[in-house]
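Chemist: I have a structure I would like to understand better, so I am pasting it below and will then ask my questions one at a time.
Numbering (full-length UniProt numbering), first residue to last: 1 to 428.
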């Protein structure tokens, strides 16, 4: 369990309070009289009360006040300063300080103002002063102590310092929580972007399948008409018509799936267009994690050149670049380097991905984009699906662009994509 989770549990905070406040109370001095002490117990108690989410008003004050008295009596007994009765008689007024403090804290429902730091600081100041007066009144009744105006001003300054030191620490903790939440949201957004880009990739494959199914249905029906016109082929033509009907049903099922995926992608509350710099950073973070998951030590670099006046379509960009980058990560054995270069102009964008892996033989460059082709196998000898590069080529073609493979001078491979910019940016 993380510290953040523990801090959100009232039981843990109560135990922490009962232990820490008495210890902090021993860092002390006596500004008013020999029995009234000022210590770090009060700010520690205030801080713990601010952390509490749901607690009964009397419980924190009663437990902490009792712990304070018992702890101080115990110290007196250990150090032989006084007997139990004498020590308890001297220390018990402190109980009323913490009890009053907690009671007033919950009475004014201070937790409502956690987003208004100055206001909480003022409330803390007033509560501490009132709790001080209650303790002093009990001491006056028991010990007949007195108070001067100068001592009151000292008490005010000390209470002021206590309250705003606590608020400073509390704000630092809230800032840390906000930053943690922001990082978590960023991770979730990146994950969602990858999920949607993968769905986008599947819709491209599905769209291609729909076109093929439509073509097969038309061809089947054409053959049915040809066979039906001949007496000898009427029986076969009926079977062919039945087959064409079944293919048509498959096409309709695919259309429903395609419509559902398209609706799901469009409904997700995600940013559809982002700046080139932001997209590149997302890609690099994703691929760094992927390389680590494969146990590879790969250095990633990026360079953004030229003109990038527009934001680019997130899912088209991610699905293209991630496929090529992931292909490079898988090709590298152990250690390596991958670079991503974006070069923009007014009418097109050039994307270049280089790696120092084993490279692709020249005779294989014409078939690497064929569906099902793969040269990568996992630890168990299972081949990759071989659809990543075929998908990239299909999408590039659909976007009206070009893709090339170049062999680097030393070793490795370079993929170059040239895409018309109007198909990647938001229109209108």
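Glycine included, every Cβ here is placed at the ideal spot set by N, Cα and C.
Quick check: what's the CA-CA separation for residue 169 versus residue 350?
Modeler: Taking the chain shown and counting its residues from 1, the one referred to as residue 169 is at position 169. Taking the chain shown and counting its residues from 1, the one referred to as residue 350 is at position 350. Taking the straight line joining both Cα atoms gives about 50 Å.
Chemist: How long is the line joining the alpha carbons of residue 384 and residue 296, rounded to whole angstroms?
Modeler: In the chain shown, residue 384 corresponds to position 384, counting from 1. In the chain shown, residue 296 corresponds to position 296, counting from 1. Note that residue 384 scores a pLDDT of 45, beneath 50, so its modelled location is shaky and nothing firm can be said.
Chemist: Which value, in whole angstroms, describes the spacing of the CA atoms of residue 11 and residue 61?
Modeler: As a first step, residue 11 is located in the chain shown; it is residue number 11 there, counting from the start. As a first step, residue 61 is located in the chain shown; it is residue number 61 there, counting from the start. C-alpha separation (whole angstroms): 14 Å.
Chemist: Since residue 334 contacts residue 412 with CB under 8 Å, what's their CB separation in whole angstroms?
Modeler: The residue given as residue 334 occupies position 334 in the chain shown. The residue given as residue 412 occupies position 412 in the chain shown. At roughly 14 Å, the Cβ-Cβ gap does not stay under 8 Å, so residue 334 and residue 412 are not in contact.
Chemist: Please list the segments of the alpha helix (DSSP H) lying wholly inside the stretch 251-299, counting only runs of 4 or more residues, in order along the chain.
Modeler: The qualifying runs are 276-293.
Chemist: Excluding five sequence neighbours on each side, which residues of the same chain lie with their C-beta closer than 6 Å to the C-beta of residue 339?
Modeler: The residue given as residue 339 occupies position 339 in the chain shown. Excluding sequence neighbours, residue 339 sits near 301 and 354.
Chemist: Counting pairs of beta carbons, one from the stretch 209-223 and one from the stretch 182-195, are three or more of them closer than 8 Å?
Modeler: Verdict: no, contact absent.
Chemist: Rounded to the nearest angstrom, what separates residue 68 and residue 177 at their Cα positions?
Modeler: Against the chain shown, residue 68 aligns to sequence position 68. Against the chain shown, residue 177 aligns to sequence position 177. Rounded to the nearest angstrom, the two C-alpha atoms are 31 Å apart.
Chemist: Return the chain-ordered list of same chain residues with a C-beta closer than 6 Å to the C-beta of residue 225, the five sequence neighbours on each side being excluded.
Modeler: Within the chain shown, the letter at position 225 stands for residue 225. Correct list: empty, nothing qualifies.
Chemist: Go through its chain and collect everything with a Cβ distance to residue 304's Cβ below 7 Å, but skip five positions before and after it.
Modeler: As a working note, residue 304 is residue 304 in the chain shown. Closer than 7 Å at the Cβ level, and outside the excluded window around residue 304, lie 276, 277, 280 and 342.
Chemist: Is the CB-CB distance between residue 127 and residue 101 below 7 Å?
Modeler: Counted from its first residue, the chain shown places residue 127 at position 127. Counted from its first residue, the chain shown places residue 101 at position 101. Against a cut-off of 7 Å, the Cβ pair of residue 101 and residue 127 comes out as a contact.
Chemist: Thinking residue 424 and residue 313 are a contact (beta carbons under 8 Å), I'd like their distance in whole angstroms, please.
Modeler: In the chain shown, counting from the first residue as 1, residue 424 sits at position 424. In the chain shown, counting from the first residue as 1, residue 313 sits at position 313. That belief holds up - the Cβ atoms of residue 424 and residue 313 are roughly 5 Å apart, short of 8 Å.
Chemist: Closer than 6 Å by C-beta to residue 310: which residues in its own chain qualify, once you throw out the five before and the five after it? Chain order, please.
Modeler: Along the chain shown, one-based indexing puts residue 310 at 310. Cβ neighbours of residue 310 beyond the five flanking positions: 425.
Chemist: Is residue 22 buried or exposed, if buried means 16 or more other CB atoms sit within 10 Å of its CB?
Modeler: Residue numbering aside, residue 22 sits at position 22 when the chain shown is read from its first letter. Residue 22 is buried by the Cβ-count criterion.
Chemist: Note down the Cα distance separating residue 392 from residue 239, rounded to an integer number of angstroms.
Modeler: Residue 392 sits at position 392 when you count from the first residue of the chain shown. Residue 239 sits at position 239 when you count from the first residue of the chain shown. Computed Cα separation, rounded: 38 Å.
Chemist: Determine, using beta carbons only, whether residue 250 and residue 290 come nearer to each other than 7 Å.
Modeler: Looking up residue 250 in the chain shown gives position 250. Looking up residue 290 in the chain shown gives position 290. Against a cut-off of 7 Å, the Cβ pair of residue 290 and residue 250 comes out as no contact.
Chemist: Taking Cβ to Cβ, would you say residue 48 is nearer than 7 Å to residue 13?
Modeler: Start at 1 with the first residue of the chain shown, and residue 48 comes out as number 48. Start at 1 with the first residue of the chain shown, and residue 13 comes out as number 13. Closer than 7 Å, so yes.
Chemist: With distance defined between alpha-carbon atoms, name the residue in 326, 282, 319 and 65 nearest to residue 294.
Modeler: Numbered from its first residue, the chain shown carries residue 294 at position 294. Checking every option, the nearest Cα to that of residue 294 belongs to 326.
Chemist: May I have the straight-line CA-CA distance separating residue 320 from residue 395, to the nearest angstrom?
Modeler: Your numbering for residue 320 matches position 320 in the chain shown. Your numbering for residue 395 matches position 395 in the chain shown. Residue 320 and residue 395: Cα-Cα distance of roughly 8 Å.
Chemist: Pop quiz: residue 419 and residue 363 are said to be a contact at Cβ under 8 Å. What is the actual Cβ separation, rounded to whole angstroms?
Modeler: In the chain shown, residue 419 corresponds to position 419, counting from 1. In the chain shown, residue 363 corresponds to position 363, counting from 1. The Cβ separation is near 27 Å, so there is no contact.
Chemist: Residue 135 and residue 96: beta carbons closer than 7 Å?
Modeler: Counting from one through the chain shown, the residue named residue 135 turns up at place 135. Counting from one through the chain shown, the residue named residue 96 turns up at place 96. A contact, by the Cβ cut-off of 7 Å.
Chemist: For residue 15, collect the residues of the same chain with a Cβ closer than 8 Å to its Cβ; drop the 5 residues on either side in sequence, then sort them by chain order.
Modeler: On the chain shown, position 15 is the one that residue 15 refers to. Contacts found: none.
Chemist: Give me the Cα-Cα distance between residue 40 and residue 162, rounded to the nearest whole angstrom.
Modeler: Within the chain shown, numbered from 1, the residue matching residue 40 stands at position 40. Within the chain shown, numbered from 1, the residue matching residue 162 stands at position 162. C-alpha separation (whole angstroms): 8 Å.
Chemist: Thinking C-alpha only, which one of 209, 352, 103 and 245 is nearest residue 254?
Modeler: In the chain shown, the residue the question calls residue 254 occupies position 254. Ranking the options by Cα distance to residue 254, first place goes to 209.
Chemist: Between 18, 76 and 140, which has its C-alpha nearest residue 66's C-alpha?
Modeler: In the chain shown, counting from the first residue as 1, residue 66 sits at position 66. Out of 18, 76 and 140, 18 has the C-alpha closest to the C-alpha of residue 66.
Chemist: Would you report the Cα separation of residue 403 and residue 366, rounded to the nearest angstrom?
Modeler: Counting from 1 along the chain shown, the entry for residue 403 is found at position 403. Counting from 1 along the chain shown, the entry for residue 366 is found at position 366. Rounded to the nearest angstrom, the two C-alpha atoms are 12 Å apart.
Chemist: Which residue spans inside the stretch 17-89 form an unbroken alpha helix (DSSP H) run of at least 4?
Modeler: If we require 4 residues or more, the alpha helix (DSSP H) runs fully inside the stretch 17-89 come out as 41-51 and 58-78.
Chemist: Quick one: Cα of residue 94 to Cα of residue 284, how far?
Modeler: Taking the first residue of the chain shown as 1, we reach residue 94 at position 94. Taking the first residue of the chain shown as 1, we reach residue 284 at position 284. Whole-angstrom Cα-Cα distance: 59 Å.
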